[in-house]
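K.L.:
Chains as they are written, first to last, in the working numbering: chain X, -12 to 66; chain V, 522 to 941.
Positions of the beta carbon are idealized from the N, C-alpha and C atoms, including for glycine.
Everything numeric in this text was worked out from a predicted model, so none of it was measured.
Got a structure for you, written out below as structure tokens; questions coming shortly.
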């Protein structure tokens, strides 16, 4: 997946968690602001690691706290 | 001579030998000096990180600000700092069944798991003193929380370890085990409603009264109960095991404690408990996050920077504690008699400091005192293989595998035996 695909995957997945519409999930808001607690976020990241078949360091929680930043980081890495 | 297990020292040094994450954004900087501990734990510029909330939900333990203040006001009066003896009744209530069980084990010479034995009595004390309900001696209900505690510990370690990976199945396990723990909490709530112990001023009773006043909802109560379990069970039971293990390696100290106990003197027992909590502080590490840019504890902190407060390293700082890996209860005894203070106001923090100073510290110390004086006064704990105990870091420093011991009665014949 490229960066755009990862952004869309994350918005869909997080929208499901929040029981809202993917269009309302701001990719530039911090996960915290989106209303996602850390455990829910870790579950999302666990699913994403499975989806992309890569390992994701727990430190991304602190380094890339938005959907856009995380997607950029992961797209870079898997490229 | 070192009385400590090298594996755990190596692991902590690997994790906390230097700044875990020296560069931004979101730096994680190590704090292990007493001035730094005091400054950060008492600063309003630093708050709990989200780690603790991950473990048990967003209760008193995990919160700062308004929620912390509101929840603390509810729970704190059930742990009166000036009347620690308020808890004694619950400890004494649980003791006869504990003694009976140890007597059975001594008679049969049957091997048993030490951690499980002490967890049983700690569980019964906590259910009665904190939740206001009585459970039968054979009903090992506290064990129903263990899967959650162990999963939470693994998750915490994956978050604080450099290079830790997101582990989807582990996250699922944390969620599943929390659901299982909540089933036990429902049982506790039901029992508290139908068969409360009369006249007990317990934390759960205060939480339920607060619910009546609209100060907390059902989910809030569950968060608090999970946090109370997290804070009160593995912490105490593992500390009891470490203390007995340290004493087994130092029979001369154990013999002195036994002699003192025979003369109703608890000076050295109390010191041995404090010394155990120095070497194996249950909460071995803590984190705080800067909410404003501030200069403190020799660092310029940016918003979001994390302070990694290594209690383990603080307690083993050779500048504060000479020969720090040595088990020496006399550090806590004044040569003139009476207890001796730590070398610095913030050199010794097994219960933390500041807003999150452990509300149950008096209960924990009294419980350890009564359980250990019972064991040391009446029994001998013989470790099958003392060196096989593998400490592992989780929520607390705990033993990774069951600890097999045999119990023997401490009769005068055995008491006069020379130390092995």
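Go ahead and label residue 714 of chain V buried or exposed: buried means 16 or more other beta carbons lie within 10 angstroms of its beta carbon, across all protein chains shown.
P.N.:
With fewer than 16 other Cβ atoms inside 10 Å of its own Cβ, residue 714 of chain V counts as exposed.
K.L.:
When the cut-off is 8 Å and only beta carbons count, does residue 580 of chain V lie next to chain X?
P.N.:
no
K.L.:
Could you give the uninterrupted runs of the alpha helix (DSSP H) lying entirely in the region 582 to 623 of chain V, keeping only those of 4 residues or more?
P.N.:
586 to 596
K.L.:
By how many angstroms is the C-alpha of residue 758 of chain V removed from the C-alpha of residue 17 of chain X?
P.N.:
39 Å
K.L.:
Check whether the region 818 to 835 of chain V touches the region 848 to 863 of chain V, counting contact only when three or more Cβ pairs, one atom from each stretch, lie closer than 8 Å.
P.N.:
Here the region 818 to 835 of chain V does not lie against the region 848 to 863 of chain V, with fewer than 3 beta-carbon pairs under 8 Å apart.
K.L.:
Can you have a look at residue 565 of chain V and say buried or exposed, based on whether 16 or more other CB atoms are within 10 angstroms of its CB?
P.N.:
exposed
K.L.:
Tell me whether residue 813 of chain V is buried or exposed, calling it buried when 16 or more other Cβ atoms sit within 10 Å of its Cβ.
P.N.:
Residue burial annotation: residue 813 of chain V is exposed, with fewer than 16 other C-beta atoms found within 10 angstroms of its C-beta.
K.L.:
For chain X, is any of its Cβ atoms less than 8 Å away from the one on residue 528 of chain V?
P.N.:
no
K.L.:
For residue 739 of chain V, decide whether its Cβ has a neighbour in chain X, counting only Cβ atoms nearer than 8 Å.
P.N.:
no
K.L.:
Going by DSSP, which residues form a beta bridge with residue 831 of chain V?
P.N.:
V:806
K.L.:
Give, in chain order, every residue of the region 898 to 924 of chain V whose Cβ lies closer than 8 Å to some Cβ of chain X.
P.N.:
none
K.L.:
When the Cα of residue 685 of chain V is compared with those of X:23, X:45 and X:51, which residue comes out closest?
P.N.:
X:45
K.L.:
Keeping to the same chain, check which residues put their C-beta closer than 8 Å to that of residue 923 of chain V; ignore five residues upstream and five downstream.
P.N.:
634, 636 and 637
K.L.:
Cα-Cα, which of V:911, V:901, V:567 and V:906 is closest to residue 930 of chain V?
P.N.:
V:901
K.L.:
Between the Cα of residue 529 of chain V and the Cα atoms of V:539, V:834 and V:663, which residue gives the shortest distance?
P.N.:
V:834
K.L.:
Taking contact to mean at least 3 C-beta pairs separated by less than 8 Å, is the region 651 to 663 of chain V in contact with the region 896 to 914 of chain V?
P.N.:
Touching, no, given that fewer than three Cβ pairs across the two stretches are closer than 8 Å.
K.L.:
Which of helix, strand or coil does DSSP assign to residue 28 of chain X?
P.N.:
helix
K.L.:
Using beta-carbon positions only, say whether residue 612 of chain V and residue 647 of chain V come within less than 8 Å of one another.
P.N.:
no
K.L.:
Find out if the Cβ-Cβ distance for the pair residue 698 of chain V, residue 663 of chain V is shorter than 8 Å.
P.N.:
Result no, Cβ atoms of residue 698 of chain V and residue 663 of chain V do not sit closer than 8 Å.
K.L.:
Give the range of the alpha helix (DSSP H) segment to which residue 929 of chain V is assigned.
P.N.:
Careful: residue 929 of chain V lies outside any alpha helix (DSSP H), inside the beta strand (DSSP E) at 925 to 930.
K.L.:
Is any beta-carbon of chain X found at less than 8 Å from that of residue 686 of chain V?
P.N.:
yes
K.L.:
Against residue 534 of chain V, what residues of chain X qualify as contacts under a CB-to-CB distance less than 7 Å, listed in chain order?
P.N.:
Chain X residues near residue 534 of chain V: none, gap ~20 Å exceeds 7 Å.
K.L.:
Mind listing the chain V neighbours of residue 89 of chain X? Cutoff is C-beta to C-beta under 7 Å, in chain order.
P.N.:
The requested residue 89 of chain X is not part of the displayed model; chain X covers only -12 to 66.
K.L.:
Report the partner residues of residue 913 of chain V according to the DSSP bridge assignment.
P.N.:
Partner(s): V:919.
K.L.:
Can you check which of these residues, V:696, V:584 and V:559, is closest to residue 873 of chain V by C-alpha distance?
P.N.:
V:559
K.L.:
Under a CB-based cut-off of 8 Å, is residue 24 of chain X close to chain V?
P.N.:
Judged by the 8 Å Cβ criterion, residue 24 of chain X is in contact with chain V.
K.L.:
Beta-carbon separation of residue 21 of chain X and residue 1 of chain X under 8 Å?
P.N.:
A contact, by the Cβ cut-off of 8 Å.
K.L.:
Answer yes if the region 792 to 806 of chain V comes into contact with the region 541 to 556 of chain V, meaning at least three C-beta pairs across the two stretches below 8 Å, and no otherwise.
P.N.:
no
K.L.:
Under 7 Å between beta-carbons, which chain X residues line up against residue 695 of chain V? List them in chain order, please.
P.N.:
26
K.L.:
For residue 780 of chain V, which residues does DSSP report across the bridge?
P.N.:
The bridge partners DSSP lists for residue 780 of chain V come to none.
K.L.:
Are residue 918 of chain V and residue 805 of chain V touching if we call contact CB-CB under 8 Å?
P.N.:
yes
K.L.:
Taking the alpha-carbon positions, what's the residue 892 of chain V to residue 616 of chain V distance?
P.N.:
8 Å
K.L.:
Between the alpha carbons of residue 898 of chain V and residue 783 of chain V, how many angstroms are there, rounded?
P.N.:
7 Å
K.L.:
Less than 8 Å between the CB atoms is what I'm expecting for residue 703 of chain V and residue 743 of chain V, so what's the real figure, rounded?
P.N.:
That belief holds up - the Cβ atoms of residue 703 of chain V and residue 743 of chain V are roughly 6 Å apart, short of 8 Å.
K.L.:
Of the residues that make up the region 575 to 607 of chain V, which ones have a beta carbon closer than 8 Å to any beta carbon in chain X?
P.N.:
575 and 579
K.L.:
With a cut-off of 8 Å, does the C-beta of residue 689 of chain V fall near any C-beta of chain X?
P.N.:
yes
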